[in-house]
Amino acid sequence: MGFVTSFLFFAFGVWSLIKIIFLRIKCKYQMEAIVDGYKEETSDDGIFCYAIFSYSFDGKSYVKNSKLPVSKSKFQEGSYVKLYIDPEVPDNFYCPKETASELILYLIWTGMSCIGVYALGINL
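Residue numbers 575 to 698, in this note's numbering, belong to the letters of the sequence shown in order.
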């Protein structure tokens, strides 16, 4: 059972990394967005802040939340951030400042899962 669980965590990590790579391939149009504020979510682990990005593309305005919780000092309200959007689906975007943290998280996740799969595989 432990092997299956570790393998599923590993598969999730790999899938997440592939998703980031495909997003970077599709989102080629660079633009600036303004940080309009924050959306706060409360959970048992505390309060998490998500930056609210506003940008326009082809005459249409978009308001999107960051994908991960952010530091208010890294994404100051009223500041501009670089975004890359998918011109075919402008709702899809990635923010290099945010994506670096996400990439590190999934690399650690995948690496730890790989170690778990290997360690449990030896004991089979």
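Where is the CB? At the ideal position from N, CA and C, for every residue including glycine.
Taking DSSP's pairing of strands, which residues face residue i in a bridge?
i	result
residue 660	663
residue 692	Beta-bridge pairing links residue 692 to no other residue.
Among the residues of its own chain, which have a CB less than 8 angstroms from the CB of residue i, if the five just before and after it don't count?
i	result
residue 654	606, 607, 608 and 609
residue 699	In this structure the chain extends from 575 to 698, so residue 699 is not present and cannot be described.
residue 651	609, 610, 611 and 612
Taking C-alpha atoms, which residue in the options lies nearest to residue i?
i	options	result
residue 598	689, 667 and 681	667
residue 646	659, 614 and 592	614
residue 660	579, 588, 582 and 596	596
residue 631	620, 601, 619 and 664	664
residue 644	586, 578, 603 and 625	625
Cutting at 7 angstroms between CB atoms, please list the residues of its own chain near residue i, excluding the five before and the five after it.
i	result
residue 629	605, 607, 636 and 657
Going along the chain, which residues of its own chain have a beta-carbon closer than 6 angstroms to the beta-carbon of residue i, five neighbours each way excluded?
i	result
residue 621	614
residue 640	624, 625 and 672
**Item:** Inside the region 604-658 only - beta strand (DSSP E) runs reaching at least 3 residues
**Value:** 620-631 and 634-639
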